[in-house]
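One structure is given below, encoded as structure tokens.
There are 2 protein chains.
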Amino acid sequence: MKLAEAPARRTGRPLSFDRDAALDAAMRLFWQYGYEATSVAELTQAMRITPPSLYTAFGDKGGLFRAAVDRYLQGGKAVPEIIDSAPTARDAAANLLRAAALGDTGDDTPAGCLLASSLVIASPAAADIREELATIRRDIEARLRLRIESDVATGALPPATDADALAGHVLAVIQGMSTLAKDGAGRDKLLRIVDMAMACWPA
Amino acid sequence: MKLAEAPARRTGRPLSFDRDAALDAAMRLFWQYGYEATSVAELTQAMRITPPSLYTAFGDKGGLFRAAVDRYLQGGKAVPEIIDSAPTARDAAANLLRAAALGDTGDDTPAGCLLASSLVIASPAAADIREELATIRRDIEARLRLRIESDVATGALPPATDADALAGHVLAVIQGMSTLAKDGAGRDKLLRIVDMAMACWPA
DNA sequence: CTAGTTTCATAGCGATCGCTATATAATGGT
DNA sequence: ACCATTATATAGCGATCGCTATGAAACTAG
């Protein structure tokens with residue numbers, strides 16, 4: 049469900065600002081304050097553009113947020129690659145959890161995870177965008193569950209493994225760590241929580 | 049940090065509405081939509097009162113939210129009691145997690161946990177109330193950690209136990225389950241995640 | 001009763017919300 | 001050069017935000 053890259057325009061006045069830099073500034077604001085609590089006025093100020101430029105480049109506030117989420121997902125290693133490139137489902141889970149712990153506690157980024165914190169709840173006016181984010185979260189969980197089921201099928205995990213609960217537990221810890229990070233937990237603590245969470249996996 | 053019960057007023061026109069019923073309606077709105085996304089207009093409509101009545105009875109929107117959180121914490125068994133009355137730290141954690149899973153998936157209440165979802169992030173204008181909720185979350189974690197350390201001291205848990213990570217993992221799962229519930233996970237799934245999360249505990 | 005106190009509903013405050021109408025500036029196509 | 005197209009800045013739209021001034025209504029104390 050990725051939008052095609054906009055084809056280079058052939059005519060008209062060119063953008064007077066760096067789209068990527070502006071999007072990065074917007075992403076950080078959404079990351080820190082969430083979707084609804086970040087106002088267009090704050091966004092335009094941080095992006096150093098005027099409202100009409102924002103609406104020309106990104107459609108509306110929701111479109112800018114979607115673009116920011118896309119950018120967030122492309123920072124670091126992509127989640128599907130983390131899951132599918134690991135030698136085992138257990139490694140996939142451990143790598144996902146560690147990447148989340150590191151991402152939640154970056155030195156020059158807001159605490160927590162944009163996916164996990166910026167739009168968990170919303171007013172009815174933003175229900176559709178909230179649901180898009182929920183779908184991304186559910187898709188990650190589903191992909192991890194499939195990876196686990198694959199290991200169960202090959203015998204790398206016991207036949208009685210509850211793949212749904214195992215994947216759900218990983219996602220719960222990922223999203224919970226985001227809140228802990230927002231509340232002040234540091235990188236070392238989150239990494240120890242990751243080790244603890246992985247201890248529930250079958251040998 | 050509990051406010052004393054307001055002493056019965058001796059004079060003046062009495063309240064024309066049921067304070068508890070109105071507070072319950074407000075709590076459910078905050079629970080579903082979060083603190084900032086719930087407007088005073090929506091609150092007064094659901095509480096069936098006018099704005100001046102709300103401000104007379106609860107001070108301001110923040111005061112109403114604090115009162116709603118107090119009411120939420122007193123619904124069901126109190127968290128400190130769950131932790132301190134359990135025979136072991138492990139039982140305390142399991143009871144906490146199960147209570148959270150059940151509370152997140154009530155039939156006639158919004159999905160998720162008011163503590164975990166309604167105010168994880170906020171605009172700077174609501175930073176102080178956000179921090180109050182973060183303190184409640186940290187206090188719960190600290191109390192569980194103390195309970196774990198107590199079991200380590202008596203030998204009920206191994207001396208090498210990382211009490212901080214063990215408690216942090218429980219809180220992460222609690223807060224993560226709230227997001228899963230908001231995203232549609234049902235009671236059965238959350239309870240299986242609880243079992244999975246408890247599997248990481250030392251024998 | 002009157003006086004004092006508190007809550008009530010109506011109405012609307014100033015501020016901010018997401019967004020845009022308008023006119024001008026800067027580009028490519030011909 | 002001239003037009004079509006797109007982006008720009010200024011200014012401000014209608015709606016909603018949290019909250020409150022006002023004066024009438026409903027109670028207790030005396």
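Chains as they are written, first to last, in this note's numbering: chain A, 49 to 251; chain B, 49 to 251.
A virtual CB, placed ideally from N, CA and C, is assigned to each residue, including glycine.
Item, Value
"Residues near residue 49 of chain A in its chain [Cβ-Cβ closer than 6 angstroms; skip 5 each side]", "Low local confidence applies: a pLDDT of 36 at residue 49 of chain A is under 50, so the model's placement there is unreliable, with the coordinate-based value given in what follows. Cβ neighbours of residue 49 of chain A beyond the five flanking positions: none."
"Burial state of residue 175 of chain B, where buried means 16 or more other Cβ atoms lie within 10 Å", "exposed"
"Interface flag, residue 146 of chain B vs chain A, CB-CB below 7 angstroms", "no"
"Euclidean distance between Cα positions of residue 137 of chain B and residue 146 of chain B", "14 angstroms"
"Residue 200 of chain B: first and last residue of the uninterrupted alpha helix (DSSP H) it sits in", "175-202"
"Own chain partners of residue 160 of chain A with C-beta closer than 6 angstroms, once the 5 adjacent residues on each side are dropped", "152, 226, 229, 230"
"Boundaries (first-last residue) of the alpha helix (DSSP H) holding residue 128 of chain A", "127-133"
"Which of helix, strand or coil DSSP assigns to residue 216 of chain B", "helix"
"Min CB distance residue 177 of chain B to chain A below 7 angstroms", "no"
"Residue 88 of chain B burial status per 10 Å Cβ neighbour count (16 or more: buried)", "exposed"
"The segment 199-217 of chain B / the segment 104-123 of chain B touching (three or more Cβ pairs under 8 angstroms)", "no"
"Span separating the alpha-carbon of residue 232 of chain A from that of residue 200 of chain A", "37 angstroms"
"Cα-Cα separation, residue 188 of chain B to residue 103 of chain A", "44 angstroms"
"Where the segment 182-212 of chain B meets chain A: residues whose CB sits under 7 angstroms from a CB there", "182, 185, 186, 210, 212"
"Cβ-based contacts, 7 angstroms cut-off: residues of the segment 119-150 of chain B near chain A", "none"
"Any C-beta of chain B under 7 angstroms from that of residue 98 of chain A", "no"
"Selected residue, minimal CA-CA separation from residue 224 of chain A, among B/234, B/250, B/185", "B/185"
"Residues near residue 162 of chain B by beta carbon distance below 8 angstroms, same chain, minus five either side", "75, 78, 79, 116, 117, 120"
"6 angstroms CB neighbourhood of residue 83 of chain A in its chain, flanking five on each side removed", "113, 166, 167"
"Cβ-based burial, residue 63 of chain B [other Cβ within 10 Å; buried from 16]", "exposed"
"Nearest to residue 214 of chain A (by Cα), restricted to the options B/69, B/240, B/133", "B/240"
"Neighbour flag for residue 218 of chain A against chain B, beta carbons, 7 angstroms", "no"
"N-terminal and C-terminal residue of the alpha helix (DSSP H) that residue 104 of chain B is part of", "99-106"
"Closer than 7 angstroms to chain B by CB, residue 171 of chain A", "yes"
"Residue 208 of chain B, buried or exposed, once every other Cβ within 10 Å from all chains shown has been counted against 16", "exposed"
"Cutoff 7 angstroms: residue 240 of chain B Cβ touching any chain A Cβ", "yes"
"Local conformation of residue 61 of chain A per DSSP, three classes", "coil"
"Exposure of residue 132 of chain A, with buried meaning 16 or more beta-carbon neighbours within 10 Å", "exposed"
"Residue 230 of chain B at chain A interface by Cβ criterion, 7 angstroms", "yes"
"Residue-chain proximity (residue 159 of chain B, chain A), Cβ-Cβ < 7 angstroms", "no"
"DSSP-derived helix/strand/coil call for residue 169 of chain B", "coil"
"Span separating the alpha-carbon of residue 135 of chain A from that of residue 196 of chain A", "11 angstroms"
"Supposed contact pair residue 69 of chain B and residue 94 of chain B - C-beta distance, whole angstroms, cut 8 angstroms", "Not really, about 11 angstroms apart at Cβ, beyond 8 angstroms."
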